[in-house]
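So the sequence lines, in the order shown, correspond to chains A and B.
So the first sequence is residues 1 to 388, counted in our numbering.
So the second sequence is residues 1001 to 1261, counted in our numbering.
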Amino acid sequence: MTQSEGDLAVTEIRFVRGATLASRPAPMTMTGALGWLRINLLSSPFNIALTILIALLLAWAIPELVKFLLIDAVWTGSDRDACREVVQHREIGACWPFVWERWSYFVYGSYPIPQRWRVDVFFIMLAIGVVWMLWLEAPRRDLGSVYFFVVLPISSFILLTGWSAVGLPPVDTVLWGGMLVTIVVAAVGIVCSLPLGIMLALGRRSRMPAVRLFSVLFIEFVRGVPLVTVLFMASVMLPLFVPEAYSPDKLVRALIGIALFASAYMAEVVRAGLQAIPKGQFEGAMAVGLGYWQMMRLIILPQALKVTIPNIVNTYIGLFKDTTLVFIVGIFDFLRTVEVARIDPKWATPVTSTTGYAVAAIFYLIFCYAMSRYARATEARLAKADKR
Amino acid sequence: MSSTANNALHLKPSQLKTPVAVELVGLNKWYGEFHVLRDIDLKVMGGERIVICGPSGSGKSTMIRCINRLEEHQQGKIIVDGVELTNDLKKIDEVRREVGMVFQHFNLFPHLTVLENCTLAPVWVRKTPKKEAEDIAMHYLTRVKIPEQAGKYPGQLSGGQQQRVAIARALCMNPKIMLFDEPTSALDPEMVKEVLDTMVGLAEDGMTMLVVTHEMGFARQVANRIVFMDSGQIIEANVPEEFFNHPQHERTKLFLSQILR
């Protein structure tokens, strides 16, 4: 501070800013399509190599896919002859008539044909509920949550299982199948696992030893056992302990098994989110006088769930695909109906299995990708608060 | 202007029920084996402004955090406006409602706007109607001179602004006692003054304040009493004049010689 100019032996030591500099536009290489390419695809030699590799991979895979699914595909026909190379004397791609014919089986399973409108009504009601809950500008979202969490489960249950008193003949769940089962199992798992998971995560961090011990035991036990085992236990072992008359329906048992299994995973996901919240947030909430549940509901969980959205959705996507395992206890989910249909001798051709699996892949891809996209949008919306 | 606003909102300066705001008697606390607070005795009268200073690790933050039970104590008594702090959750909630706290790192809720930060506790804890809570919040945001930031998120504000929001948030609960835990230590030098000015204004209104700070200028200007702590004990307490000009204890003299250059 007291150093004199002479000590520094430089000529220009004084500087006083005259006019403030105006901000100038960024250089061309950073903006526009060219800038985007440069930054995202060609930023380094490694990145360039990756870009080329992926481009080659796509160039190889996409034409093959398009060729199989569209160009060489058979679109009409009534039996396997339409899709056999030896009969048609041309290269055969996907065998779509097989899918057209078995489509209703893929959707409803063995649900009695005269009653299938009930499944359609269920799908429509579920779609309304999902849109009402997920579309943030939807009117009366408070009513929407009552509809989704109370009206929908009860009315769906009555609608699908039947209630003679209102003229709906009972339909045994053994007959349920296809997308109906997959969607029911996934929806129950998704809706139940988050609240259960949150309770377990809070329990694991509780200061009450009994609550903590229960949560830890539950989470570690359920996570430490394969889902297949949980399903087996639910469907085979449970009836050994509970008299047949009181033992719940096979599908219900599988639903409970999946919901509990998913909630154990969800608990760890939520706990990771809770760990990420700084201690100061808890202290700030306590210092303004919030009680434990208010603090959790208003301050901690909104932030914890936000940081952990990618993991929650990851668990949901995993859960959605894990629903295929219910076939092991004899429940005909969507994939199982495809399995059954593809070995039907009527459609026995070399491409039937591939076509069936392609349909299954597209089905699961649509649902999982939709979940992923919605989660991305939610993250972007919530990130608003982090912007400086 | 502010008095008319007060009338419109029915804001009464909150009254302590007892003349003694905070009383610590034989307070002891350990972190595991480490004895952080040793036989602390301190009586703070209503309307008093106490500045607590001392080297880092001396237990000053821990002491004021005991007053609203962010830290548990193991021995001794803490009585806040006639309510003794025990494991009784009702008592703890009662004390926390009446005691406001401002933290070094603000601890604002980043997912809520400034206004929501201020209305949250009144609405959920005091059951104030939302509209009224918002009016009160705007009143205090005006008082800390940032009403125009009400719709922003904490992350969009400067440190000094965030700390003033934190003060407003605490005031919205209409507390009888305010605790400040190094409120300016995390701020850029340019922003310290705006926060200190807000605190001076609060002191002039007669708020009972316990302030942990290294701002000795503030201590001289505002404090009724300065408490100097080291290694978990109160070493010396005195009025600012005497404390700065005639420190008695060797440790106090050493401390002052280090910080007053």
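Positions of the beta carbon are idealized from the N, C-alpha and C atoms, including for glycine.
Under 8 Å between C-beta atoms of residue i and residue j
i, j, result
"Ser1061(B)", "Glu1182(B)", "yes"
"Ile1078(B)", "Ile1064(B)", "no"
"Gly280(A)", "His1111(B)", "no"
"Phe1210(B)", "Ile1052(B)", "The question names Phe, yet the displayed sequence has Leu at residue 1210(B). Contact flag set, yes."
"Gln1162(B)", "Pro1154(B)", "yes"
"Gly1232(B)", "Val1022(B)", "no"
"Asn1224(B)", "Val1212(B)", "no"
"Ala187(A)", "Leu126(A)", "yes"
"Val1200(B)", "Arg1164(B)", "no"
"Ser193(A)", "Leu319(A)", "yes"
"Ala287(A)", "Arg1049(B)", "no"
"Gly1160(B)", "Leu1187(B)", "yes"
"Leu231(A)", "Ile328(A)", "yes"
"Thr1198(B)", "Ile1167(B)", "yes"
"Ile1235(B)", "Thr1252(B)", "yes"
"Gly1046(B)", "Leu1016(B)", "yes"
Contact set between residue i and chain A, taken where Cβ atoms lie within less than 7 Å
i, result
"Arg1097(B)", "Gly289"
"His1107(B)", "The identity of residue 1107(B) in the sequence shown is Asn, whereas the question assumes His. Correct list: Gly280, Gln281, Glu283, Gly284."
"Met1101(B)", "Ala287"
"Asp1093(B)", "Gly289, Gly291"
Chain-ordered neighbours of residue i on chain A, where CB pairs are closer than 8 Å
i, result
"Ala1121(B)", "Val288, Gly289, Leu290"
According to DSSP, residues forming a beta bridge with residue i
i, result
"Leu1027(B)", "Ile1040(B)"
"Asn1238(B)", "Ile1226(B)"
"Thr1208(B)", "Ile1177(B)"
"Asp333(A)", "Gly178(A)"
"Glu1084(B)", "Ile1079(B)"
"Gly1100(B)", "Met1178(B)"
"Gln1233(B)", "Asp1230(B)"
"Gly109(A)", "Trp176(A)"
"Cys1053(B)", "Phe1228(B)"
"Phe1034(B)", "Tyr1031(B)"
Residue i at chain A interface by Cβ criterion, 8 Å
i, result
"Met1274(B)", "For chain B, the structure presents residues 1001 to 1261; residue 1274(B) sits outside this window and is missing."
"Ser1002(B)", "Here Ser1002(B) scores only 42 on pLDDT, less than 50, and its place in the model should not be relied on; the value that follows carries that caveat. It does not: the Cβ of Ser1002(B) has no partner Cβ on chain A nearer than 8 Å."
"Ala1005(B)", "Reliability fails at Ala1005(B), whose pLDDT of 43 lies under 50, so the model's placement of it is uncertain and the value that follows must be treated cautiously. So no, Ala1005(B) is outside the interface."
"His1111(B)", "yes"
"Leu1187(B)", "no"
"Leu1210(B)", "no"
"Leu1070(B)", "yes"
"Arg1225(B)", "no"
"Asp1088(B)", "no"
"Ala1008(B)", "The pLDDT assigned to Ala1008(B) is 45, lower than 50, so where the model puts this residue is not dependable; a value taken from the coordinates is nonetheless given after this. For Ala1008(B), the answer is no, since every Cβ of chain A falls outside 8 Å of its Cβ."
"Asp1230(B)", "no"
"Asp1197(B)", "no"
"Lys1130(B)", "no"
"Lys1017(B)", "no"
Any chain B beta carbon closer than 8 Å to residue i
i, result
"Thr2(A)", "Because Thr2(A) sits at a pLDDT of 48, beneath the cut-off of 50, its placement in the model cannot be relied upon, and the following sentence gives the value as read from the coordinates. Taking Cβ atoms only, chain B never reaches closer than 8 Å to Thr2(A), which makes this a no."
"Pro302(A)", "yes"
"Lys306(A)", "yes"
"Leu41(A)", "no"
"Gln294(A)", "yes"
"Ile277(A)", "no"
"Arg388(A)", "Confidence at Arg388(A) is low in this model, with a pLDDT of 44, below 50, so its placement is unreliable and the value that follows should be read with caution. Chain B contact via Cβ: present."
Contact list for residue i against chain B, beta-carbon separation under 8 Å
i, result
"Ile309(A)", "By Cβ distance, chain B contributes nothing, its closest Cβ being about 13 Å from Ile309(A), past 8 Å."
Any chain E beta carbon closer than 8 Å to residue i
i, result
"Arg1164(B)", "Annotation note: the requested chain E is absent from the structure, which comprises protein chains A and B."
Interface partners of residue i on chain B, CB under 9 Å
i, result
"Leu298(A)", "Phe1109, Leu1112, Leu1120, Trp1124"
Beta-carbon neighbours of residue i, restricted to chain A and to distances below 9 Å
i, result
"Asp1081(B)", "Near Asp1081(B) there are no residues of chain A at all, since even the closest Cβ is about 14 Å away, more than 9 Å."
"Arg1169(B)", "Gly284, Val288"
Would you call the region 181-192 of chain A in contact with the region 327-338 of chain A, where contact means no fewer than 3 C-beta pairs closer than 8 Å?
yes
Under 8 Å, with one C-beta from each stretch per pair, do the region 189-205 of chain A and the region 262-274 of chain A reach the 3-pair mark?
yes
Tell me, please, whether the region 191-198 of chain A touches the region 261-269 of chain A by the rule of three or more beta-carbon pairs shorter than 8 Å.
yes
Can at least three beta-carbon pairs, one atom from the region 71-82 of chain A and one from the region 346-354 of chain A, be found at a separation below 8 Å?
yes
Between the region 357-365 of chain A and the region 291-307 of chain A, are three or more C-beta pairs nearer than 8 Å?
no
So, do the region 109-128 of chain A and the region 151-164 of chain A have three or more beta carbon pairs nearer to each other than 8 Å?
yes
Do the region 108-116 of chain A and the region 171-180 of chain A make contact, defined as three or more Cβ pairs closer than 8 Å?
yes
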